[in-house]
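Enquirer: In terms of the UniProt record's numbering, the sequence shown opens at residue 1 and continues consecutively.
The beta carbon of each residue, even a glycine, is placed where N, CA and C say it ideally should be.
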Amino acid sequence: MTKLHIFNPEHDMALAANLAHFTPPHAGRQLRHDLGFLPALWAEPGDMVLVDDVGAAAESFRHLGLPLRPMFVDRATLTRLMRAVKGEGIEIRPWGWDVAVRQLLCECGVSTSWLSTPAALEQIRQMSHRGWAAVHLLPRLVELPGTVGEAWTLHGVDEMRKVARTGCGLVLKSPWSSSGRGVRYVSESLVEEVHGSALPASLANWFAHVLERQGCLMAEPYYNKVVDFGMEFVSDGLGGVDYSGLSLFHTVNGAYVGNVVDTEERKEEQLVRYVSVQLIRQLRKRIAEVLGEAFGGCYQGRFGVDMMVVRQGRRFLVHPCVELNLRMTMGHAALALADDGLSPRRIMRISCTDKYRLRIENCRETDEAVVQTDRAKAEENRKKG
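Written out as structure tokens, the structure is:
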């Protein structure tokens, strides 16, 4: 069956707004316009990728030096195709399902029988809320030795004072947000002030704004992060969850910057400098079990669980659920680029100057030097421990 792929990176913001006619901020619109070709990385021959500008998408993809398998279509072309299509349906594959992308497809003439139902979209929205993973997934994962992590749902400043601990910073997050947006850091010194006085005006205003728009906030302890990573999966919607691979990625102030493109074995080697391979495999097995049961009958598609290695004293531990992304992820995109291990390790980066650009580059010597330095530091800390 032909598939129609859509890159809608504003998905997490659309979940928060929950509006059929949602207009994302300028940066979200530009990201979608500039990188609309992204699904061509994993689309198959005969598939279609919906983009804003067919010519611009083709030119951007050409610069990657990869074979183009699907066909790019804009909204006008898709509308004409939908009027002419007969017989076999089309499988719709957005970056993430929300009411806004459903409305867009309806306006292009896509049959509602090929789209997720409003009831299914509401289930996806509720399970994408950070509080859902904090209750249904994180507690099951931190049962495993070598893990750490907790999160609280806040409905007011007084509740934040109850969870704020002396000597430990806090991370506050809006329930629906992504890639560093909707996140505020509360330093150790500010935690001390929180207990004795009102919040600084900027933080108090943001806190009130999120409460008004989304009903609550999430709070977590601030951890001493060493490495960002994630695990990618696919749910069949019938209770089965298959593991796709590891995602090693880079963030700056919580915002996504790029992914490592490499074999599973070499990515695993980087993580076992800090934690055991047994723990990595136990976590992916536990996630498949817990979410297979939870997603049966309500979610079909790709998803990812963001994690991090953290330092506590002289120990390295895994925070096994920093975020549950109930959608396609950049980790899945990196997996689509992974090869048989004969090519050099590569980095997939997103940069923005006058426009957003996707770059896939072989690791420079400086990248490898950083890796070697990380390895030496890890070994040194293990010996100290």
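#1: Nearest by alpha-carbon distance to Leu248: which of Glu289, Phe7, Arg286 and Asn259 is it?
#2: What are the start and end residues of each continuous alpha helix (DSSP H) run of 4 or more residues lying completely inside the stretch 199–240, in chain order?
#3: Which class does Leu324 belong to by DSSP, given the choice of helix, strand or coil?
#4: Using the C-alpha atoms, what's the distance from Val261 back to Arg345?
#5: Given that a residue counts as buried once 16 or more other Cβ atoms are within 10 Å of its Cβ, and exposed if not, what is His5?
#6: Based on the DSSP secondary-structure assignment, which residues constitute the bridge partners of Ser351?
#7: Pick out whichever of Val157, Ala58, Gly240 and Glu220 has its Cα sitting closest to the Cα of Ala204.
#8: So, at 8 angstroms on beta carbons, what are the nonlocal neighbours of Gly89 in its own chain, with the 5 sequence-adjacent residues on each side left out?
#9: Under the rule that 16 or more other beta-carbon atoms within 10 Å means buried, what is Arg213, buried or exposed?
#10: Which two residues bound the contiguous beta strand (DSSP E) that contains Asp12?
#11: Between the Cα of Arg165 and those of Glu220, Leu38 and Ala334, spot the shortest distance and give me the residue it belongs to.
#12: Apart from the five residues on each side of it in sequence, which residues of its chain come closer than 7 angstroms, Cβ to Cβ, to His286?
#13: Per DSSP, which one or two residues make a beta bridge with Thr147?
#14: If distances are taken between C-alpha atoms only, which option among Ser116, Gly146 and Trp132 comes closest to Gln278?
#15: Buried or exposed for Cys106, please, with buried defined as at least 16 other CB atoms from any protein chain shown within 10 angstroms of its CB.
#16: Report buried or exposed for Pro9, applying the criterion of at least 16 other Cβ atoms within 10 angstroms of its Cβ.
#17: Would you tell me roughly how many angstroms separate the C-alpha atoms of Tyr223 and Ala208, rounded to the nearest one?
#18: So is Gln126 buried or exposed if we call it buried at 16+ other beta carbons inside 10 Å?
#19: Taking the alpha carbon of Gly331 as the point to measure from, which residue in Leu31, Asp34, Leu41 and Gly28 has its own alpha carbon closest?
#20: Per DSSP, Leu4 is paired with what?
#21: Look up Ser113 in the DSSP assignment and say whether it is helix, strand or coil.
#22: How long is the line joining the alpha carbons of Pro45 and Leu38, rounded to whole angstroms?
#23: Okay, do the stretch 233–241 and the stretch 295–314 touch, 3+ Cβ pairs below 8 angstroms being the bar?
#24: For the structure I just gave you, are there three or more beta carbon pairs, one from the stretch 93–109 and one from the stretch 10–26, closer than 8 angstroms?
#25: For Val183, which residues in the same chain have their Cβ closer than 6 angstroms to its Cβ, ignoring the five residues on either side in sequence?
Expert: So, to answer that:
#1: Asn259
#2: 201–214
#3: strand
#4: 6 angstroms
#5: buried
#6: Arg357
#7: Val157
#8: Met1, Ser111, Ser113 and Trp114
#9: exposed
#10: Asp12 -> not in any beta strand (DSSP E); alpha helix (DSSP H) instead, spanning His11 to Ala17.
#11: Glu220
#12: A small fix is needed here, since residue 286 is Arg in this sequence, not His. Excluding positions up to five away in sequence, the list reads Arg140, Leu141 and Leu144.
#13: Val318
#14: Gly146
#15: exposed
#16: buried
#17: 25 angstroms
#18: exposed
#19: Leu41
#20: Met48 and Ile92
#21: helix
#22: 15 angstroms
#23: yes
#24: yes
#25: Lys173 and Gly254
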